[in-house]
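*Asks:*
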Amino acid sequence: MFFRKRDEPEAEPRAPAPVYSAQQRSTLLAVARAAIEHGLERGRALAVEPARYGDPALAEPRATFVTLKRDGQLRGCIGTLRAYQPLLVDVAERAYAAAFRDPRFPPVTRAEWSRPGFELSVSVLSPAEPMRARDEADALRQLRPGVDGIILSEGPRRGTFLPSVWEQLPEPREFLAQLKRKAGLPRGYWSERVELSRYTSESFGAALEPARE
């Protein structure tokens, strides 16, 4: 049996190895962009037929988030935590919703889209797994900064942070406090009814060139 020496540092948590190839990532980003441009032209979501792409991995049910930024600032982010439809379809729907249905922002306009400064990213989520924590201190010990996306819920209140949020909130206590606020709970709140789940994500994105007229 192997025992770690007391003075030997613990290994840093690592994100899972990438699942999707450069070509698959490019396809997903292209579909996300096409969904937004279709929305600008037709005012409705883009219908995607996964079989036309000839890639079984892109037809598997997966949960995704699509994030839209402009000049480095959030411009829309919509996603789902439940995998119930093909990956390509989910990306198209989340991209359309991020651009036109995020209640925090007005819909993207054609004039805005024609100017530079947009960035588009896709996050493909793993299935969520429940965390079992005795109390908040135990939950904080279990968090893996930079790796975990976390779902926090209590009754009807619910919120999630993608793993990318660790870039803005690298300290576990503050990460959890802000997640509680997102779920509609006080930042210092804790009870035995709080439920936590964790997931990982594979995220990739690109700066967008303005669409040509």
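Mapped onto my numbering, the consecutive letters of the sequence shown carry residue numbers 480 to 692. The beta-carbon is built from N, C-alpha and C at its ideal position, and this holds for glycine as well. The structure presented is a predicted model; accordingly, all values stated were derived computationally and were not measured.
1) Report the residue from Ser670, Pro642, Leu567 and Glu516 whose alpha carbon sits nearest the alpha carbon of Pro540.
2) Would you give the residue range spanned by the beta strand (DSSP E) that Ser602 belongs to?
3) Work out the CA separation of Leu508 and Arg523 for me, nearest whole Å.
4) If you compare alpha carbons, which of Gln502, Ser632 and Arg521 is closest to Tyr532?
5) Which partner residues of Gly684 appear in the DSSP bridge assignment?
6) Check whether the region 679 to 686 and the region 593 to 606 touch, using three or more Cβ-Cβ pairs below 8 Å as the test.
7) With a threshold of 9 Å between beta carbons, is Ser643 in contact with chain C?
8) Helix, strand or coil, according to DSSP, for Gln552 in the structure here?
9) Determine, using beta carbons only, whether Arg669 and Asp581 come nearer to each other than 9 Å.
10) Please work out which residues of its chain come closer than 6 Å, Cβ to Cβ, to Arg485, disregarding the five sequence neighbours upstream and downstream, and give them in chain order.
11) Which same chain residues, not among the five before or five after Phe579, have their C-beta less than 7 Å away from its C-beta?
12) When DSSP labels each residue in this structure, what does Arg636 get in the three-state scheme?
13) In terms of residues, what are the limits of the beta strand (DSSP E) holding Ser676?
14) Can you check the region 615 to 664 for any beta strand (DSSP E) of at least 3 residues that lies completely inside it and give the ranges in chain order?
15) Report the residue from Gly638, Arg583 and Val644 whose alpha carbon sits nearest the alpha carbon of Pro624.
16) Are the beta-carbon atoms of Glu674 and Leu631 separated by less than 9 Å?
17) Please check the pair Leu622 and Pro651, which I expect to be a contact at CB under 8 Å, by giving their CB distance rounded to whole angstroms.
18) Is DSSP giving Glu572 helix, strand or coil here?
*Replies:* Result, derived from the coordinates:
1) Leu567
2) Phe597 to Leu604
3) 18 Å
4) Gln502
5) Ser600
6) yes
7) Looking at the structure shown, chain C is missing, and only one protein chain is on hand.
8) strand
9) Note that residue 669 corresponds to Trp in the displayed sequence, not to Arg. Their beta carbons are not under 9 Å apart, which means Trp669 does not touch Asp581 by this criterion.
10) With a pLDDT of only 46 at Arg485, under the threshold of 50, the placement of this residue in the model should not be trusted; the figure read from the coordinates follows. Correct list: empty, nothing qualifies.
11) Gly518, Pro586 and Val587
12) strand
13) Glu674 to Tyr678
14) 628 to 633 and 636 to 640
15) Val644
16) yes
17) 5 Å
18) helix
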